[in-house]
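Residue numbers (this note's numbering): 1 to 307. I have placed the structure first, in the form of structure tokens, so that the comments after it can refer back to it.
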Amino acid sequence: MLSLSPGNRGRRNSLRMLFIGVLLVFTMLLAACGSTSGGGTSTTPTPNPNTPTVTPPNDLLVAGTLTVGSDTTYPPQEYIDTTTNKATGFDVDLITAIAQRMGLKANIVTTKFDTIIDDLSNKRFDVVISAVTINTDREKKADFVPYFNAGESLLVQAGNPKNIKGVNDLCGQNVGVQTGTVEQTDLQTASDNCKKAGKPAINLTILQDQTAVVQLLANNRVVATYQDSPVTDYYNKQHPGQFTVGGSVVNAAEEGIVVRKGDTSMFNAVKTAFQQLKADGTYHKIIEQWGVTSGQISMVDRRTTFA
């Protein structure tokens with residue numbers, strides 16, 4: 001559900017043919033050497049996209065590998081392809097391209113979102129990419145390279161039978177959300193506001209897996225789910241006629257590649273590689289491939305350093 005002999009011609013002739021062959025090879029080698037001189041025709045070698053253009057960080061957990069933490073339950077940004085059993089998505093393609101710029105292989109390690117920054121601080125990964133919204137609390141614990149813009153939006157049943165236009169319409173309703181997300185915090189604030197207004201609180205069902213959260217809606221166990229807007233759009237497109245967007249996108253904010261606090265070598269390498277991908281059009285191509293063009297950030301980042 002959320003489902004390619006000729007006969008021997010004699011020794012004398014063989015020796016003669018061998019001599020002619022050697023002479024031809026020698027002549028070809030001379031011609032090749034001469035092609036690099038003035039007046040000759042030379043061809044430019046095809047660039048290797050894996051050729052490093054950025055000095056790799058000096059503190060990798062595993063030599064030759066960029067170890068990346070990600071909660072791979074959040075399509076289209078990161079999820080497990082059931083046909084290959086490998087991580088895929090916009091974030092995965094982007095961090096893989098960044099790693100290639102450093103001459104590294106990206107190894108995606110699936111982890112839980114609610115502990116992902118703490119796990120990074122404890123050196124389980126080199127970096128994290130997992131649709132992590134940049135906010136003040138998180139900036140106290142880690143540094144960020146902004147790479148995407150996303151807002152928050154509600155997913156509801158087709159036809160929006162409860163006429164839900166925003167979180168203020170959720171008082172007394174059952175709502176699903178993924179643990180550790182900004183949306184969980186915002187729903188809790190909205191629930192508190194419901195109570196202050198003399199209305200019933202929002203009944204939150206909080207799960208680890210975003211797909212499981214949406215399954216709650218598919219099973220009519222909640223009236224809405226709250227998540228990043230690209231995720232809402234993804235599930236809506238994957239299940240036409242079953243869901244719709246409730247209201248408009250709100251609270252647009254940047255998401256960032258997360259780097260351990262004070263890890264200058266890693267931060268500079270990731271930032272430089274990402275800037276190169278933006279400059280040569282690779283970033284835009286990946287954005288288009290995954291259909292998340294509304295989240296593309298500009299060539300110049302609003303944030304450049306973090307303390």
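Yeah, the Cβ is synthetic: ideal placement off N, Cα and C, and Gly gets one too.
Rounded separation between Ile80 and Thr72 - CA only: 6 angstroms
Neighbour-count burial assignment, Pro240, 16 or more Cβ in a 10 Å radius: exposed
Own chain partners of Ser191 with C-beta closer than 6 angstroms, once the 5 adjacent residues on each side are dropped: Ala201 and Ile202
Spatially closest choice to His308 from Gln276, Gln296 and Ala273, by CA coordinates: Examination of residue 308 is not possible in this model, given that the chain is present from 1 through 307 alone.
At least 3 beta-carbon pairs within less than 8 angstroms: the segment 218-227 vs the segment 133-140: no
Alpha-carbon to alpha-carbon, Arg101 and Asp126: 16 angstroms
Beta-carbon proximity check, Asn251 vs Glu152, cutoff 7 angstroms: yes
Alpha-carbon spacing of Pro75 relative to Lys199, whole angstroms: 34 angstroms
DSSP-derived helix/strand/coil call for Thr282: helix
Asp143 in three-state terms, based on DSSP: strand
Unbroken beta strand (DSSP E) run spanning Thr244, endpoints: Phe243 to Arg260
Burial state of Leu61 (16 or more Cβ within 10 Å): exposed
Segment contact, 8 angstroms Cβ cut-off, at least three pairs: the segment 80-100 with the segment 204-215: no
Secondary structure of Asn48, DSSP reduced to three states: In this prediction, Asn48 has a pLDDT of 46, which is less than 50 and means its spatial position is unreliable; what the coordinates show is noted afterwards. Coil, per DSSP.
Residue interval of the alpha helix (DSSP H) (run including Lys196): Val182 to Lys196
Contacting residues, own chain, Cβ-Cβ under 8 angstroms from Asn107 (five flanking each side not counted): Val62, Thr65, Leu66, Thr67 and Val68
Beta carbon proximity, Ala150 to chain C, threshold 7 angstroms: This model lacks chain C altogether, as it is built from one protein chain only.
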